[in-house]
Amino acid sequence: MTKSNKSLFGKPGTFYIYKSYGIHHCLNIVTDKEDFASGVLIRSVFISKQNERLASGPGLVTKAFNVDISFNSLEVLNKISLWIAPRDSTLEDKDLIQTTRIGISKAKNIKWRWYLKNSRSVSKRLKGDKTPKFQ
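Sequential numbering of the sequence shown, starting at 1, is according to the working numbering.
Put into structure tokens, the structure is as follows:
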């Protein structure tokens with residue numbers, strides 16, 4: 001654990017923000033349990049009534065929502081600055097694609113990446129994903 005990644009080992013349901021390549025902030029949600037590094041990188045977000053590519057990569061997500069290091073360790077459900085609101089899911093397993101991760105150098109074959117099938121807001125889709133489920 002280092003000073004910069006300490007929040008990744010923190011309370012589940014908090015944000016872990018770090019700078020990638022010293023350029024872009026990346027937004028992660030801490031998962032699992034305290035004192036164990038576990039998080040989910042938010043790679044893209046569909047923003048209704050906006051350009052579908054506005055937040056189509058980790059750096060673009062933080063840019064679209066003005067996320068910087070000041071969001072680090074905030075609770076996801078804080079409702080003060082940036083939060084994720086719970087909602088009923090209308091998605092089924094068939095609406096999701098599970099694939100290998102991108103932009104990494106190790107464990108490239110592990111399928112730890114999920115995205116909404118046919119989403120145009122995803123940075124890299126599998127071949128054949130053309131028509132979006134939601135417009």
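Where is the CB? At the ideal position from N, CA and C, for every residue including glycine.
Given residue i as reference, the closest of the options once Cα atoms are compared
| i | options | result |
| --- | --- | --- |
| residue 39 | 2, 57, 58 and 16 | 16 |
| residue 41 | 54, 11, 27 and 48 | 27 |
| residue 84 | 29, 104 and 122 | 29 |
| residue 77 | 11, 1, 91 and 4 | 11 |
| residue 3 | 32, 121, 119 and 73 | 73 |
| residue 92 | 117, 101, 37 and 47 | 117 |
Local Cβ density within 10 Å of residue i, reported as buried at 16 or more and exposed below that
| i | result |
| --- | --- |
| residue 107 | exposed |
| residue 99 | exposed |
| residue 13 | exposed |
| residue 36 | exposed |
| residue 103 | exposed |
| residue 62 | buried |
Counterpart residues of residue i in DSSP-defined beta bridges
| i | result |
| --- | --- |
| residue 15 | 29 |
| residue 8 | Bridge partners of residue 8: none, in fact. |
| residue 21 | BP columns for residue 21 are empty, so no partner. |
| residue 39 | 30 |
| residue 116 | 96 |
Spatial neighbours of residue i in its chain, beta-carbon cut-off 8 Å, leaving aside the 5 residues before and after
| i | result |
| --- | --- |
| residue 66 | none |
| residue 109 | 100 |
As assigned by DSSP and simplified to three states, the class of residue i
| i | result |
| --- | --- |
| residue 103 | coil |
Contacting residues, own chain, Cβ-Cβ under 7 Å from residue i (five flanking each side not counted)
| i | result |
| --- | --- |
| residue 75 | 13 and 14 |
| residue 123 | 43, 44, 56 and 57 |
Chain-order list of residues whose beta-carbon lies under 6 Å from that of residue i (same chain, five-residue window excluded)
| i | result |
| --- | --- |
| residue 9 | 1, 35 and 37 |
| residue 114 | 96 and 98 |
| residue 54 | 47 and 64 |
| residue 7 | 16, 72 and 73 |
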